[in-house]
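So the structure is just underneath, and the comments pick up after that.
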Amino acid sequence: MEDYVRLSFLIEIFISAILLSGIYAVSEDRVSLFFALVTGVPALFINWSFQIFKIPSLLLIHHICAALFFATATVIIVRHLINQKVVTVDLIWGAVCGYFFIGFMWSAIFSLLETFHPGSFKLGSQVVPNIDSFIYFSFVTLATLGYGDIVPLTEKAQSLAIIETVMGQMYLAVNIAALVAIRISQSRNKDP
1 MEDYVRLSFL IEIFISAILL SGIYAVSEDR VSLFFALVTG VPALFINWSF
51 QIFKIPSLLL IHHICAALFF ATATVIIVRH LINQKVVTVD LIWGAVCGYF
101 FIGFMWSAIF SLLETFHPGS FKLGSQVVPN IDSFIYFSFV TLATLGYGDI
151 VPLTEKAQSL AIIETVMGQM YLAVNIAALV AIRISQSRNK DP
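Going by full-length UniProt numbering, the residue at position 174 of the sequence shown is 174; the numbering climbs one at a time, nothing skipped.
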């Protein structure tokens, strides 16, 4: 049990680092910074408040703020990617971050669904998966691995899993196409 508590604490530090770096990454203009601060900072503070006080409603509010933050950050990143004229390492890392943000957004959404509709997911003999399980499930679903160890049981859970899968594949396809198009345009502009 003590090992799980330590691992859970490390995961919380990791999620906090992601939130902070996400706020920094999308703070190019005032509007983006505003949306990042309004959703990301509350998610960060509410999460740590839950870790200290263990009030269930705080966890619920955290998941709502986290889902909104990661959705907002993903939109800001995609908007930034689309407006670029040159492929750089930063641009590629931005695309990768957007993909990770989608996964974290969906883990928060799945947690919310399980909170409002208990029994929506099953993890082996564990009927109520925790956030760590939802992060795992989200990335397995996003990458279309589908191990089957966590199963969406209700129609809502199944529908959301399908939406995440399609979103993940579309994100990859559209971003790869955009990066290739930018690179081709960049090459043509360099050629005499």
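Glycine included, every Cβ here is placed at the ideal spot set by N, Cα and C. This one's a predicted model, so the numbers in the text were calculated from it and none came from an experiment.
In angstroms, rounded to a whole number, what distance separates the CA positions of D149 and F121? Locating residue 149 in the sequence shown gives position 149, where the first residue counts as 1. Locating residue 121 in the sequence shown gives position 121, where the first residue counts as 1. Cα to Cα, D149 sits roughly 10 Å from F121.
Which residues bound the beta strand (DSSP E) around L123? Residue mapping note: residue 123 aligns to position 123 of the sequence shown, counting from 1. Boundaries of the beta strand (DSSP E) harbouring L123: 121-123, taken from the DSSP string.
Measure the Cβ-Cβ separation of G22 and F101 and say whether it is below 8 Å. Stepping through the sequence shown from its first residue, residue 22 is reached at position 22. Stepping through the sequence shown from its first residue, residue 101 is reached at position 101. It is a contact, given that the beta carbons lie within the stated cut-off.
What does the alpha-carbon distance come out to for the pair T74 and I131? Counting from one through the sequence shown, the residue named residue 74 turns up at place 74. Counting from one through the sequence shown, the residue named residue 131 turns up at place 131. If I take the Cα positions, the gap works out to 20 Å.
Mind checking which residues open and close the alpha helix (DSSP H) that includes V96? Indexing the sequence shown from 1 puts residue 96 at position 96. Taken as a continuous stretch (DSSP letters only), the alpha helix (DSSP H) holding V96 covers 89-116.
Stretch-stretch touch, CB-based, cutoff 8 Å, three pairs: the segment 12-26 with the segment 66-73: Contact between the segment 12-26 and the segment 66-73 is present: three or more C-beta pairs spanning the two stretches fall below 8 Å.
The alpha helix (DSSP H) with P56 in it runs from where to where? Here residue 56 refers to the residue found at position 56 of the sequence shown. That run of the alpha helix (DSSP H) goes 56-82.
Return the chain-ordered ranges of every beta strand (DSSP E) run that is complete within the UniProt domain "Potassium channel" (131-180) and spans a minimum of 3 residues. Fully enclosed beta strand (DSSP E) runs of 3 or longer: 150-152.
Closest by CA to V78, which one among R188, R183, L179, N189? Reading the sequence shown from its first residue, position 78 is the one you call residue 78. The candidate whose alpha carbon is nearest that of V78 is L179.
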